[in-house]
Amino acid sequence: MSKLLPIRFQQILRKNLSDTQTRLLLILMVPVLFIILTVGFSSYYTSKEILQQEINEPQSQILQMNMHYIDEYLEESDKIAVKLALDNNIFRFITNPTTFSYPNIKEIYDKLTTITQNASYVQSIYIYNTNKDSFVAIPQGYSSSSATFNDAGWTDVIKELQDQSMVVKYRDLPDGARYKGSNITLFRKISVKGEVGGVVAINLNESELFAKLKSSTDPNSNSMQYILDPNNTILYKTSNHNFDAETINFINREVSQGNLTNISYNDKILLANQTESKFTGWKYVSVVSQESILAKSKTIRDVVFVVSLLALIIGAIAIFFIHSIELKPIRRLKKLFEVESDQPYQRDLLHLEHIIDDLVTDHAQLESLIRKMKQEAKSKFIYDIYIGKVMAASELKEKWQTYFSDWKKDSLQLLMVSIDHYPAWKENVTSSYRSVVKAGMVNILTEVLESHYAVEAVDIGKEKLIIVLQHKEGKIHLENHLKIALTNIESILGYSVSVGMHDGKVPVQEIKTALNVAEQALQYRLFDGYSTLNHVFETETEEDKAHIAEMGRLIKAISMEEPVQSIENVTRFFEILAKRTISPDLSFYFIEQIRKEIFTRNKAMASSDFVTLEDIRTMHVEDIAKVFKGRISEKIENIQKLHHSKRYIKCRKMVQYMSMHLSEPIGIPEIAESVGISVSLASQWFKEEMNDTIYGYFTRLKMERAQELLTRTNMKIADIALEVGYQHENSFIRKFREYKEMTPGKYRRLNAMVDDNEL
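With our numbering as the guide, the letters of the sequence shown map in order to residues 69 to 827.
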């Protein structure tokens, strides 16, 4: 029986292959199977090569962004340390022969408190006197020696500061100092006669400092980032799911030797990137497993293989089915009529065609995605230049060659394009449609210019975009083409845009400067109006100086408390401004002062009426004047309505009573009694009509009176405190600091300086 089975199988195979239709089906199936396997495996290996090449640049950019982010925090911290090292109070603390001076220590402690409260990345600050071995720290306070200071183990850093001014390093904290200190500390020496007289230690908030270094939340993620100090010690690493300590140590050794690609470890291939900070010497390393990058490509390969195998099985079943069922009637007819058919029997192979089409489509989509990523990286490169993140000439040239390999490195022209009257544009265009409208603006500009220029448009948010141009062969007039584009935008899209131009052609390394000039030129839209091409020019005469002085006086006289006079002052101000006698920068400075008075200080203003300085920069001087005068007119109408209100009259009488009794220790009951109503009713009416509490308004009147006495008299601060109803000088100083964010003495000095400058 076992010997007969192979013979029987051979007979069945010979019988099936002897049929023409079966052989044709087999011949068609084999090439299709080969095509499917070729497309599948070529897609996999092509994807693998492309992804390995393209993933390197985004990884490097991410590391660069993270490094710049951390360096910015460290540079800001170093600036704080420099200011502290040069501070007079701290210098007295370091050099004062006496061991302890309470006023001096308090001034230092207050200054450190202010810095830590205003800088989220600063956790605590230590000032160390090396000669007296004493500390002033926030939050610990003053310590007379390192023996009583719970975080003094770092003082040996003085040896390193002998040769350099600043050190950033990782340090271990004692258990009692973990809530006050930080593992990452910036040390800067305080020099006294060429020697290290003291140290400023700024403990950094690690969660803020390393906020951008985050690992994927995907449990299957095979990637991580970490930071090495100059001694190749790991300072920080992101949490991960697949990299254990042994793997990290191995990668660290490989990266230290300069090996960044195709690192083999435990049957895995790892891809690494490294960049080094010039500021700290830290090395930033990112590692990603090649398997996680190519997971989807492997899935495509496996699916293709399974489909091919299924196709082969289905083909074999089809051959058997054709012979046993579908071709059986044909064979019988041939025997019955003895007719030989010249037409081969064909089956529908569209199902295989669909499979191939799907695979080719997937491959095309992958290539499209890669092209899109490269375009986004190109736009980000121009944006990084604009915001100053790409500064080094070598880095700029290298990235330019990567993204603009078909462009020249010189003869570039830069434009800054901005939507006119952005507040009106936002009101007329819904948020969901704005990106589409801006895309239409880019398309019109590109279509007009690209016949003679290589064009790259970069959207930098809100109303602006950057246009980078490089002319092709032949002479053309750029301004003529831009005027055509601006006309088309206004006629097709229904809104206007203006352009700031940099005159001349620049090389790659001067792109940042050219962008600044183009942005400065765009500000002349304030005078020239909408849908204009703007250039930078300078004009200043003696008459201009007189206008500046007059505008300054008009601004000081503008107050929402006196809206009738203010609207006349605003009208006169914009009449002078329309003469175009001062620069846009100074114009916008003056306009901002008026805007703050009209909008920011008016708490009753509706949020929908709010206008920002960024919005104003997109408007013509006439439209700005309309907005400001319209707001003041609303105030006048409100005042006219309020003057007829019984509650408003009562509230004004309460204000008069408060103004007449500033120096007396009166309270809300006395104020309410002065107008003959209850305390609760007085509080309710005053809040509704004056948009402030009685206590808050009374305090504001006292502070305004105190400001007047500080600037116009030589009265002592203690006497001024009594004059405005404070029995204790400290209470008055504390309240004045809350109101003006500075002490009365500092306010008097600053205003004295302003008066001197005006004189």
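Just so it is clear, CB atoms sit at the ideal spot from N, CA and C, and this is done for glycine as well. Since the model is a prediction, treat every value here as computed from it, not as a measurement.
inquiry  = Looking at P652: is its Cβ nearer than 8 Å to the Cβ of Q724?
reply    = For this step, residue 652 is matched to residue 584 along the sequence shown. For this step, residue 724 is matched to residue 656 along the sequence shown. Against a cut-off of 8 Å, the Cβ pair of Q724 and P652 comes out as no contact.
request  = Decide if R663 is buried, meaning its Cβ has at least 16 other Cβ atoms within 10 Å, or exposed.
outcome  = Within the sequence shown, the letter at position 595 stands for residue 663. With 16 or more neighbouring CB atoms inside 10 Å of its own CB, R663 falls in the buried class.
inquiry  = Taking only three categories from DSSP, how would you classify L827?
reply    = What you label residue 827 is simply residue 759 of the sequence shown in a count that begins at 1. Only weak support is given to the placement of L827: the predicted model assigns it a pLDDT of 42, under 50, and the question is left unresolved by the model.
request  = Return yes when the Cβ of I644 is within less than 8 Å of the Cβ of N637, no when it is not.
outcome  = Translated into the one-based positions of the sequence shown, residue 637 becomes position 569. Translated into the one-based positions of the sequence shown, residue 644 becomes position 576. Cβ distance not < 8 Å, so N637 and I644 don't count as in contact.
request  = Determine the closest residue to F642 out of I692, H603 and F667, with distance taken between C-alpha atoms.
outcome  = Position 574 of the sequence shown, counted from the start, is the residue given in the question as residue 642. The option with the nearest alpha carbon to F642 is I692.
ask   = Nearest to A149 by alpha carbon, out of T639, S357, G266 and Q293?
value = Locating residue 149 in the sequence shown gives position 81, where the first residue counts as 1. With distances taken between Cα atoms, A149 lies closest to G266.
Boundaries (first-last residue) of the alpha helix (DSSP H) holding I270 = As a working mapping, residue 270 is identified with position 202 in the sequence shown. It is not in any alpha helix (DSSP H) - I270 instead sits in the beta strand (DSSP E) that spans E263 to L272.
ask   = Quick one: what's D527 bridged to in DSSP?
value = Working through the sequence shown from its first residue, we reach residue 527 at position 459. Answer is L533.
task = Using beta-carbon positions only, say whether S214 and D231 come within less than 8 Å of one another.
result = Position 146 of the sequence shown, counted from the first residue, corresponds to residue 214. Position 163 of the sequence shown, counted from the first residue, corresponds to residue 231. The answer is no: Cβ separation not under 8 Å.
query = If you count every other CB in all the chains shown that lies within 10 Å of the CB of E809, and 16 or more means buried, which is it?
reply = The residue labelled residue 809 in the question sits at position 741 within the sequence shown. E809 is exposed by the Cβ-count criterion.
Residues that S192 bridges to, as DSSP identifies them = Numbered from its first residue, the sequence shown carries residue 192 at position 124. According to DSSP, S192 bridges with N271.
Rounded straight-line distance, which links the Cα of N798 to that of T781 = As a position in the sequence shown, residue 781 is number 713, starting the count at 1. As a position in the sequence shown, residue 798 is number 730, starting the count at 1. One C-alpha to the other measures close to 20 Å.
message = Using DSSP's beta-bridge definition, name the partner residues of V485.
response = Locating residue 485 in the sequence shown gives position 417, where the first residue counts as 1. Paired residue(s): L533 and V567.
key: Length of the line joining the Cα atoms of R816 and M687   = Within the sequence shown, the letter at position 748 stands for residue 816. Within the sequence shown, the letter at position 619 stands for residue 687. Straight-line Cα distance between these residues: approximately 38 Å.
request  = Quick one: residues in its chain with C-beta nearer than 7 Å to the C-beta of D452, no 5 flanking neighbours on either side, listed in chain order?
outcome  = Taking the first residue of the sequence shown as position 1, residue 452 is located at position 384. Same-chain partners within the cutoff: V458.
inquiry  = What does the alpha-carbon distance come out to for the pair A153 and K613?
reply    = Translated into the one-based positions of the sequence shown, residue 153 becomes position 85. Translated into the one-based positions of the sequence shown, residue 613 becomes position 545. One C-alpha to the other measures close to 40 Å.
ask   = Measuring CB to CB, does W475 end up less than 8 Å from A522?
value = For the purposes of this step, residue 475 is taken as residue 407 along the sequence shown, with counting starting at 1. For the purposes of this step, residue 522 is taken as residue 454 along the sequence shown, with counting starting at 1. It is a contact, given that the beta carbons lie within the stated cut-off.
key: Euclidean distance between Cα positions of A551 and S559   = By 1-based counting over the sequence shown, the position of residue 551 is 483. By 1-based counting over the sequence shown, the position of residue 559 is 491. It is worth fixing the name first, because residue 551 is Lys in this sequence and not Ala. So the alpha carbons of these two residues sit roughly 12 Å apart.
message = How far does the alpha helix (DSSP H) with L464 in it extend, from its first residue to its last?
response = What you label residue 464 is simply residue 396 of the sequence shown in a count that begins at 1. That run of the alpha helix (DSSP H) goes A461 to Y471.
message = Using the three-state DSSP reduction, which class does Y815 fall into: helix, strand or coil?
response = As a position in the sequence shown, residue 815 is number 747, starting the count at 1. Of the three classes helix, strand and coil, the one that applies to Y815 here is helix, per DSSP.
inquiry  = Considering only their Cβ atoms, is the gap separating T253 from L272 smaller than 8 Å?
reply    = Along the sequence shown, one-based indexing puts residue 272 at 204. Along the sequence shown, one-based indexing puts residue 253 at 185. Between L272 and T253, the CB-CB gap stays under 8 Å.
query = What did DSSP end up calling Y657 once you bin it into helix, strand or coil?
reply = On the sequence shown, residue 657 is found 589 positions in, with the first residue counted as 1. In this structure, Y657 counts as helix in the three-state DSSP scheme.
query = So, using beta-carbon positions, are Y501 and E531 closer together than 8 Å?
reply = Position 433 of the sequence shown, counted from the start, is the residue given in the question as residue 501. Position 463 of the sequence shown, counted from the start, is the residue given in the question as residue 531. Not closer than 8 Å, so no.
ask   = What residue does the alpha helix (DSSP H) around I560 start on, and which one ends it?
value = Within the sequence shown, the letter at position 492 stands for residue 560. L546 to L561 is the span of the alpha helix (DSSP H), which, as asked, contains I560.
ask   = So L482 and L583 are in contact, right, with Cβ under 8 Å, and what is the actual spacing, rounded?
value = As a working mapping, residue 482 is identified with position 414 in the sequence shown. As a working mapping, residue 583 is identified with position 515 in the sequence shown. Their Cβ separation, rounded to whole angstroms, is 5 Å, which keeps L482 and L583 in contact under 8 Å.
message = Residues in the same chain with beta-carbon distance under 7 Å from C830, minus the five sequence neighbours each way, listed in chain order, please.
response = Because the chain in this structure spans residues 69 to 827, residue 830 falls outside the shown range and cannot be described.
query = In terms of residue numbering, what span does the beta strand (DSSP E) encompassing F255 cover?
reply = The count along the sequence shown starts at 1 and reaches residue 255 at position 187. Run containing F255: I252 to V260, per the beta strand (DSSP E) assignment.
message = Contact criterion: CB-CB distance below 8 Å. Does I455 meet it with respect to chain D?
response = In the structure shown, chain D does not exist; there is a single protein chain.
request  = Counting only runs of 4+ residues fully inside the region 180-244, write out the alpha helix (DSSP H) ranges in chain order.
outcome  = 226-229
key: Identified DSSP bridge partners for H539   = Translated into positions along the sequence shown, residue 539 becomes position 471. Its beta-bridge partners are Y521.
message = For I801 and E772, I'd like the C-alpha separation in whole angstroms.
response = For the purposes of this step, residue 801 is taken as residue 733 along the sequence shown, with counting starting at 1. For the purposes of this step, residue 772 is taken as residue 704 along the sequence shown, with counting starting at 1. C-alpha separation (whole angstroms): 14 Å.
task = Report all residues from its chain with a CB closer than 6 Å to the CB of K580; omit the five preceding and five following residues, and keep chain order.
result = Counting from one through the sequence shown, the residue named residue 580 turns up at place 512. Closer than 6 Å at the Cβ level, and outside the excluded window around K580, lie I453.
message = Please list the terminal residues of the continuous alpha helix (DSSP H) segment that includes Y352.
response = Translated into positions along the sequence shown, residue 352 becomes position 284. Boundaries around Y352 are those of the beta strand (DSSP E), K351 to S357, since no alpha helix (DSSP H) includes it.
request  = Would you check if the distance between the CB atom of I635 and the CB atom of K697 is smaller than 8 Å?
outcome  = For the purposes of this step, residue 635 is identified with residue 567 of the sequence shown, where counting begins at 1. For the purposes of this step, residue 697 is identified with residue 629 of the sequence shown, where counting begins at 1. With contacts defined as CB atoms closer than 8 Å, I635 and K697 qualify as a contacting pair.
task = Please go through the same chain and pick out, in chain order, the residues whose beta-carbon is closer than 6 Å to the beta-carbon of S731, but skip the five residues on each side of it.
result = In the sequence shown, residue 731 corresponds to position 663, counting from 1. Excluding sequence neighbours, S731 sits near E791 and G793.
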